[in-house]
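Enquirer: Chains as they are written, first to last, in this note's numbering: chain R, 2 to 290; chain C, 7 to 160; chain X, 18 to 785. In this text, a Cβ means the ideal position worked out from N, Cα and C, and glycines have one as well. I'd like to ask some things about the structure below.
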Amino acid sequence: MYDIGKYREATTVEEALRYLGDDLDSIAIAAGSDVLIKIREGKLSGASLVSIIKIEELKKVTIDGEGDIHIGPVVSFTQLEEDAIIKEHINYLGQAGGTMGGPQLRNIATIGGNVCNGVTSADSGSTLVCLNAQLVLTSEGGQRMVPIQEFYLGPGKVDLKPGELLTDIIIRKEDYAGYEGKYTKFAQRKSMDIATIGCAVMIKKSGNKIEDLRLGYGVASPTPVRCPKTEAFAKGLELTKENARAIGEKALEDVSPRDSWRGSKAYREQLIKVLAERAIIDIAEVGGE
Amino acid sequence: MHKKISLTVNGTKRSVEIDERESLLEVLRDKLGLTSVKQGCGVGECGACAVLIDGTSIDSCIYLASWADGKDIRTVEGLEVDGKLSDVQQAFVDEGAVQCGFCIPGFVISATELKESGKDYTREEIRRALSGHLCRCTGYQKIVEATEKSLKKK
Amino acid sequence: MEFTTVGKSYKRKDAAAKVTGKAQYTRDIGRNNMLYAKVLRSTIAHGFVKSIDTAKAEALEGVVKVFTPDNLPCGNFPTAGHPYSLDPSHQDKADRKALTDKVRFYGDEVAAVVAVDELIAQKALKLITVEYEELPFYLDAEEALKDDAVEIHEGSKNITGHNSYTVGDVDINEAFEKSDYVFEEVLEVLPVQHCHMENHVAYAYTEGNGRLVVVTSTQIPHITRRILSQALDMPAGMIRVIKPIIGGGFGNKQDVCIEPLVAAMSLALGGRPVMYDMDREECMSCTRTRHGARFYMKTGVRKDGRFLARELTNYGNGGAYAAHGHSQVGKMGGNFYRTYPAELATKYEGYTAYTNCSVAAAMRAYGIPQITFAVESHVENIAKAMNMDPMKLREINMVTQGFKDKLSGITINTCELPEIVKTAKEYIHWDAKRAEYAHQTGDKRRGVGFALFSYPTATWPVALEIAGARMVMNQDGSVCLQMGATEIGQGAATVFSQMAAETVGIPYDMVHFEEFTDTDICPFDTGAYASRQTYVGGKAVKKAGLIIKDKVLDRASALLSLEKGDLDVKGGFIVRIDNGERVSSVEDIALDSYYNRHTADTIATDVTATVETNGIAFGGSAAEVEVDIRTGRVEILKLINIHDSGTIINPVLAEGQVHGGMSMSLGYALSEIMLYNPKNGAPRNNNLLDYKVPTLMDTPQLDVAFVEPYEPTGPYGNKALGEPPAITPAPAIRNAILQATGVEVNKLPMNPQGLFEHFSAAGLTEEV
């Protein structure tokens with residue numbers, strides 16, 4: 002039995018916002034694979050929960066007239082990986098989600114939960130920052146849109162105000178059209194593990210040159226991050242092995258990996274270099290995912 | 007925090023009085039006597055508690071019972087057909103995939119999800135699809151072989 | 018030897034129950050009116066409880082009782098699953114109590130709450146306040162053994178166990194002087210955990226007549242009963258221990274971990290049922306581990322590769338309580354000498370130290386995975402230094418058939434190591450691959466490696482070997498087989514049934530094995546450990562089976578008026594030996610034994626077998642790996658275990674055993690380690706996310722081969738198989754990594770970061 006203090010279940014966004022609004026200490030729970038575990042650990046004992054798992058309107062992936070993709074936050078990772086729109090336009094995001102946990106977890110865990118949990122190891126995080134995802138945060142008082150980079154405030158901390166609910170994740174067409182991408186998760190195990198380093202690469206090619214590169218990491222900094230210096234450095238470079246290596250090395254200027262018992266700073270730095278380099282070579286040679 | 011939920015459990019419609027703080031695992035084991043649903047970790051890291059919810063394999067230890075309202079739940083107790091083991095169950099028996107057996111209901115559930123999809127799976131796809139279950143006895147080898155065999159049987 | 022039922026892959030007795038949910042494990046059974054316990058665990062690694070305030074917890078609604086050492090009657094008890102020794106100097110150390118006010122590791126049991134449900138018990142734990150007086154703590158064996166270290170157990174000097182010997186006609190120093198080369202190095206392994214999927218769980222209650230019943234997930238029901246008797250100061254006959262189906266043990270349930278606590282609490286509550294079902298986190302850091310150890314290895318070698326002198330000093334990290342620490346150090350020593358007997362002299366000095374880590378004890382192969390990693394790595398390093406083929410070096414030095422072990426007095430009757438080496442070489446294409454992979458550059462490099470082992474079957478001559486079997490023939494001619502030997506998932510029920518069918522002469526399906534080991538019903542046996550059951554228990558089954566068969570033939574002879582000597586029992590029928598004619602069925606004879614109005618006398622027997630032999634098992638692993646120099650990731654391309662375990666009773670089950678051991682050793686090699694925070698001794702990764710048991714995606718195709726000599730001391734020609742598969746994959750992988758990279762990794766685990774650090778230190782990561 003979970004030490005839950007109060008529990009309410011919403012079936013519409015409106016209802017969820019009402020519940021979140023009338024108890025500002027309450028927490029939205031989508032599938033529970035983060036929240037329930039925190040309750041069990043004692044970090045959220047007695048929590049007031051608003052369940053959003055039954056809100057059907059938040060479980061859809063759509064593409065609008067502008068070509069912008071809308072991902073409902075209660076979309077599961079399995080659904081994301083199998084979704085036709087995702088497969089066609091940003092398959093690498095689905096693949097990134099497909100590295101999270103194990104199959105049963107992916108059948109239930111949601112992308113919105115992954116984002117709102119705010120941890121740097123979130124497997125969707127580095128790809129979403131590369132995609133410059135726009136998060137729609139709704140409360141009874143109104144709505145605001147925040148780029149995901151600004152949403153991440155620190156380890157486990159996100160810019161979600163009391164009473165607010167993440168209601169849409171928007172990937173604008175300009176942020177994905179023409180890019181090939183790849184997510185590499187390096188973890189000790191190939192299933193059911195957390196990343197030692199997660200690395201997302203998006204490349205817009207122009208001939209054999211990099212017209213634009215987007216590089217994002219998980220676990221390389223306190224939150225998932227983009228690498229602006231490296232991205233600027235890469236612009237216009239030829240897609241060669243030497244340049245791929247140079248880009249990987251440059252990435253160290255953008256990140257700040259930590260020493261922890263799960264992995265040393267030196268080792269993470271090595272992975273930061275190698276994973277980017279190898280992903281760039283893969284995209285150059287065989288294309289993205 | 008009590009409420010009543012209605013669900014279908016192994017083909018039978020049930021109404022159950024639950025505590026909203028309970029996991030589906032607790033309700034299935036303690037209230038419905040379906041003890042094949044095993045708790046190995048309580049946090050979704052071992053897969054021993056997996057059950058089919060509307061045909062999808064999900065770890066019931068981190069699934070609130072309240073969410074099961076209106077759902078179709080199946081456990082290995084409900085897989086036998088006319089008193090005979092299902093193809094997946096029979097293959098696990100025949101191939102020697104079972105040792106201590108504590109993880110086995112979870113594996114059988116995930117393998118059943120594959121079987122019922124009607125799709126073909128490569129060995130690599132089977133391995134990935136079952137990789138949310140830990141087993142310490144078998145090294146997984148005969149579990150994969152049994153699953154593969156049951157999927158080939160049309 | 019020709020067998021009918023033995024040697025065939027019959028389906029497991031319990032498989033159908035396990036795929037349908039009919040199999041009942043401890044937690045699945047329960048009792049009415051059950052209470053649930055949770056344990057308050059120390060938040061320091063070493064020290065004393067100065068004060069403890071339980072008032073608030075006691076006041077919580079739903080709490081029945083809060084126990085501390087002061088109000089829970091329980092004496093000292095040992096925890097190791099060993100037969101009791103009548104010689105007090107050989108008895109296990111009784112250094113444990115159900116609850117303690119002297120804390121010896123982070124997570125030690127200082128109080129317990131019994132409540133109407135587990136959530137309330139958990140909440141009550143948070144309401145207990147404890148004040149501690151801290152002492153210095155030690156996470157390393159050699160630190161704990163320093164002269165100025167504070168004693169973890171009074172008067173122990175922090176030595177849990179010590180074993181030493183010298184063997185050989187020549188003084189060890191003289192032997193080293195005679196050697197052309199002397200190699201010295203330090204090797205190390207770190208603690209790991211069993212991670213059986215079912216955590217420790219037990220409940221206890223008393224019957225109306227005052228007898229105590231303990232239902233528990235244990236490998237050793239009869240030993241548990243004796244230890245409970247000691248802990249609770251209760252006569253053994255007043256205690257009944259029941260082992261339902263168990264969800265894995267691997268040695269961790271060869272220790273008495275929670276039974277005295279639940280029993281003492283139930284007794285203190287008037288015999289009301291009390292259950293304690295550990296969380297995974299507790300089960301990982303507060304039960305037992307496989308001990309880590311440091312090995313100081315020295316070998317003197319003649320130019321031709323022959324080992325003249327071998328010397329080993331090792332320090333095992335035994336953790337906070339003795340458990341098996343004192344006996345493992347001896348088993349390791351025996352193994353060191355036996356596997357590669359030196360020509361002139363062998364010297365061993367082994368210590369197990371008390372430290373403030375989780376308690377170390379038995380885990381699949383009892384110290385031998387540790388020492389085999391050290392020895393097989395060291396042998397490989399010597400081969401490299403001498404520029405010799407490591408396989409050749411092994412062939413020159415490995416033990417052979419007919420070897421007389423001077424330490425144990427055992428003579429090796431069967432040893433197929435030469436055939437194992439040959440099979441491994443063929444499988445891995447040894448010569449071709451060694452040449453192909455000799456000079457590599459680039460990110461990804463490949464290598465092949467091999468390691469071998471020897472392993473005793475059961476514990477003779479170190480400990481008593483005894484097994485009981487009761488066989489009762491039913492009206493239909495089938496037999497019920499009851500044994501104290503336990504089915505723990507390894508397939509004991511199935512192989513014992515095959516043996517019984519073989520010896521009695523009835524079909525496999527006509528043997529019914531009692532899987533719930535109940536000390537009231539099942540005859541005495543010390544339990545599942547030391548890969549002993551098919552060997553020792555098998556002897557009991559054979560003995561019982563022969564008696565049953567004899568009784569069947571007696572009755573048949575009388576009933577049919579035929580000479581007993583002309584008859585045999587085959588396939589459930591009484592047959593004439595001369596022409597094979599079926600003259601009656603066992604069923605008819607059985608029915609007569611029940612209901613003959615004049616001569617009814619049911620066919621049953623209850624026997625005990627003791628064993629004073631040891632058939633040493635052998636084997637080896639060969640691996641081919643690809644190493645990613647830049648990330649430290651190792652991919653296993655090929656892996657085989659080859660076993661000489663004598664007769665294989667059930668090939669499919671045996672393969673399954675081997676697969677499981679290989680997988681465990683794969684984790685030992687590449688990913689598993691129990692981590693402790695150096696600042697406070699707290700476990701860091703006692704959960705299944707941070708502790709890296711290999712997943713399906715991490716486990717390659719596992720290949721298995723058997724070489725099957727007929728071991729004359731085994732009841733059916735069989736030797737140990739349960740534990741040995743977990744011994745050599747780790748060093749074989751290690752040796753393959755050495756060939757791939759040229760880097761000698763002398764420490765486990767070889768996880769990606771660890772290998773990256775080794776490769777960086779060797780300058781490899783800069784080259785690529």
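If the cut-off is 8 Å on Cβ atoms, which residues from the segment 58–77 of chain R count as contacting chain C, listed in chain order?
Expert: none
Enquirer: For ALA110(R), which of PRO74(R), VAL137(R), GLN144(R) and LEU138(R) has the nearest alpha-carbon?
Expert: Taking the first sequence and counting its residues from 1, the one referred to as residue 110(R) is at position 109. Comparing Cα positions, the closest option is PRO74(R).
Enquirer: When the Cα of VAL318(X) is compared with those of VAL232(X), LYS421(X), THR241(X) and PHE200(X), which residue comes out closest?
Expert: Residue 318(X) sits at position 301 when you count from the first residue of the third sequence. Checking every option, the nearest Cα to that of VAL318(X) belongs to PHE200(X).
Enquirer: Return the chain-ordered ranges of every beta strand (DSSP E) run that is complete within the segment 531–557 of chain X and spans a minimum of 3 residues.
Expert: none
Enquirer: Which same chain residues end up closer than 7 Å to MET681(X) when comparing Cβ atoms and leaving out the 5 residues on each side of it in sequence?
Expert: Taking the third sequence and counting its residues from 1, the one referred to as residue 681(X) is at position 664. When the five nearest sequence neighbours on each side are left out, the beta carbons in the same chain lying within less than 7 Å of the beta carbon of MET681(X) are those of ARG381 and ALA743, in order along the chain.
Enquirer: Per DSSP, what are the beta-bridge partners of GLY182(R) in this structure?
Expert: In the first sequence, residue 182(R) corresponds to position 181, counting from 1. According to DSSP, GLY182(R) bridges with MET203(R).
Enquirer: Assuming TYR313(X) and ASN331(X) are in contact, meaning their beta carbons sit under 8 Å apart, how far apart are those beta carbons, in whole angstroms?
Expert: Here the question's residue 313(X) lines up with position 296 in the third sequence. Here the question's residue 331(X) lines up with position 314 in the third sequence. Sure, about 7 Å apart at Cβ, within 8 Å.
Enquirer: So, using beta-carbon positions, are THR96(X) and ARG113(X) closer together than 8 Å?
Expert: In the third sequence, residue 96(X) corresponds to position 79, counting from 1. In the third sequence, residue 113(X) corresponds to position 96, counting from 1. Taking 8 Å as the Cβ cut-off, THR96(X) and ARG113(X) qualify as a contacting pair.
Enquirer: At a Cβ threshold of 8 Å, is GLY506(X) touching chain C?
Expert: In the third sequence, counting from the first residue as 1, residue 506(X) sits at position 489. Yes - at least one Cβ of chain C is within 8 Å of the one on GLY506(X).
Enquirer: Using a cut-off of 8 Å between C-beta atoms, extract the partners of ASN752(X) located in chain R.
Expert: On the third sequence, residue 752(X) is found 735 positions in, with the first residue counted as 1. Residues of chain R passing the Cβ test: none, with the nearest at roughly 22 Å.
Enquirer: With 8 Å as the threshold, decide whether the Cβ of THR153(C) is near any Cβ in chain X.
Expert: For this step, residue 153(C) is matched to residue 147 along the second sequence. With 8 Å as the cut-off, THR153(C) does not count as an interface residue toward chain X.
Enquirer: Below 8 Å on the Cβ atoms is my guess for SER42(C) versus GLU83(C); work out the distance and round it to an integer in Å.
Expert: For the purposes of this step, residue 42(C) is taken as residue 36 along the second sequence, with counting starting at 1. For the purposes of this step, residue 83(C) is taken as residue 77 along the second sequence, with counting starting at 1. Yes, they are in contact, since the Cβ atoms of SER42(C) and GLU83(C) sit about 6 Å apart, within 8 Å.
Enquirer: Measuring alpha carbon to alpha carbon, tell me which residue in GLN135(R), SER192(R) and THR197(R) is nearest ILE170(R).
Expert: One-based indexing of the first sequence puts residue 170(R) at position 169. Out of GLN135(R), SER192(R) and THR197(R), the CA that lies nearest to the CA of ILE170(R) is found in GLN135(R).
Enquirer: At the level of alpha carbons, what is the spacing between ARG701(X) and ARG487(X)?
Expert: Numbered from 1 along the third sequence, position 684 holds the residue referred to as residue 701(X). Numbered from 1 along the third sequence, position 470 holds the residue referred to as residue 487(X). In a straight line, the C-alpha of ARG701(X) is about 47 Å away from that of ARG487(X).
Enquirer: Strictly below 7 Å CB to CB, what residues from chain R border THR791(X)?
Expert: Because chain X in this structure spans residues 18 to 785, residue 791(X) falls outside the shown range and cannot be described.
Enquirer: Would you mind working out which of MET415(X), HIS179(X), THR536(X) and LEU245(X) sits nearest PRO277(X), comparing C-alpha positions?
Expert: Position 260 of the third sequence holds residue 277(X). When only C-alpha atoms are compared, the closest one is LEU245(X).
Enquirer: State yes or no: is the beta carbon of CYS274(X) nearer than 8 Å to at least one beta carbon in chain C?
Expert: If you number the third sequence from 1, residue 274(X) lands on position 257. Chain C, which has no Cβ nearer than 8 Å to the Cβ of CYS274(X), makes this no.
Enquirer: Roughly how many angstroms separate the alpha carbons of TYR546(X) and LYS709(X), rounded to a whole number?
Expert: Indexing the third sequence from 1 puts residue 546(X) at position 529. Indexing the third sequence from 1 puts residue 709(X) at position 692. Taking the straight line from one Cα to the other gives about 25 Å.
Enquirer: In the DSSP output, what is ASN735(X) paired with across the bridge?
Expert: For the purposes of this step, residue 735(X) is taken as residue 718 along the third sequence, with counting starting at 1. ASN735(X) pairs with GLY663(X).
Enquirer: From ALA128(X) to GLN492(X), what distance separates their C-alpha atoms?
Expert: Residue numbering aside, residue 128(X) sits at position 111 when the third sequence is read from its first letter. Residue numbering aside, residue 492(X) sits at position 475 when the third sequence is read from its first letter. Between the alpha carbons of ALA128(X) and GLN492(X) lies a gap of roughly 53 Å.
Enquirer: Distance, Cα to Cα, PHE470(X) vs ALA747(X)?
Expert: In the third sequence, the residue the question calls residue 470(X) occupies position 453. In the third sequence, the residue the question calls residue 747(X) occupies position 730. When rounded, the distance between both Cα atoms is 12 Å.
Enquirer: Strictly below 9 Å CB to CB, what residues from chain C border MET2(R)?
Expert: Your numbering for residue 2(R) matches position 1 in the first sequence. By Cβ distance, chain C contributes ASP25, ARG27, GLU28, SER29 and GLU32.
Enquirer: Might you give, ordered along the chain, the residues of its own chain that have their beta carbon closer than 6 Å to the beta carbon of ARG599(X), omitting 5 neighbours on each side?
Expert: The residue you call residue 599(X) lines up with position 582 of the third sequence. Correct list, in chain order: PHE590 and VAL592.
Enquirer: Count the other CB atoms within 10 Å of the CB of SER123(C); is the residue buried (16 or more) or exposed (fewer)?
Expert: One-based indexing of the second sequence puts residue 123(C) at position 117. With fewer than 16 Cβ atoms within 10 Å of its Cβ, SER123(C) is classed as exposed.
Enquirer: Could you tell me how far apart the beta carbons of LEU1(R) and VAL51(R) are, in whole angstroms, since I believe they sit closer than 8 Å?
Expert: Not covered by the structure: residue 1(R). The range shown for chain R is 2 to 290.
Enquirer: Within 8 Å, do at least three Cβ pairs link the segment 218–231 of chain X to the segment 284–298 of chain X?
Expert: yes
Enquirer: For LYS37(C), does the three-state DSSP call read helix, strand or coil?
Expert: Residue 37(C) sits at position 31 when you count from the first residue of the second sequence. Residue state, collapsed to three classes: helix.
Enquirer: Does chain C have any CB closer than 8 Å to the CB of LEU161(R)?
Expert: Within the first sequence, residue 161(R) is the residue found at index 160, counting from 1. No, because no Cβ of chain C sits closer than 8 Å to the Cβ of LEU161(R).
Enquirer: Considering LEU608(X), what are the terminal residues of the alpha helix (DSSP H) in which it resides?
Expert: For the purposes of this step, residue 608(X) is taken as residue 591 along the third sequence, with counting starting at 1. 603–612 is the extent of the alpha helix (DSSP H) around LEU608(X).
Enquirer: Pairs of beta-carbons, one from the segment 140–148 of chain X and one from the segment 53–71 of chain X, closer than 8 Å: are there three or more?
Expert: Touching, yes.
Enquirer: Drop a sphere of 10 angstroms on the beta-carbon of GLU641(X), count the other beta-carbons inside from all chains shown, and report buried for 16 or more, exposed for fewer.
Expert: One-based indexing of the third sequence puts residue 641(X) at position 624. By the neighbour-count definition (other C-beta atoms within 10 Å, threshold 16), GLU641(X) is a buried residue.
Enquirer: On the CB-based measure, 16 or more other CB atoms within 10 Å of its CB, does ALA178(R) come out buried or exposed?
Expert: Locating residue 178(R) in the first sequence gives position 177, where the first residue counts as 1. Answer is exposed; the Cβ neighbour count stays below 16.
Enquirer: Which of helix, strand or coil does DSSP assign to THR503(X)?
Expert: Walking along the third sequence from the start, residue 503(X) turns up at place 486. THR503(X) falls in the coil class under three-state DSSP.
Enquirer: From what residue to what residue does the alpha helix (DSSP H) around ARG20(C) run?
Expert: Position 14 of the second sequence holds residue 20(C). Careful: ARG20(C) lies outside any alpha helix (DSSP H), inside the beta strand (DSSP E) at 18–25.
Enquirer: Any idea if MET203(R) is buried or exposed, counting beta-carbon neighbours within 10 angstroms, 16 or more meaning buried?
Expert: Against the first sequence, residue 203(R) aligns to sequence position 202. It counts as buried.
Enquirer: Around the C-beta of ALA340(X), are 16 or more other C-beta atoms found within 10 angstroms, so that it is buried, or is it exposed?
Expert: Numbered from its first residue, the third sequence carries residue 340(X) at position 323. Buried, since its Cβ has 16 or more Cβ neighbours within 10 Å.
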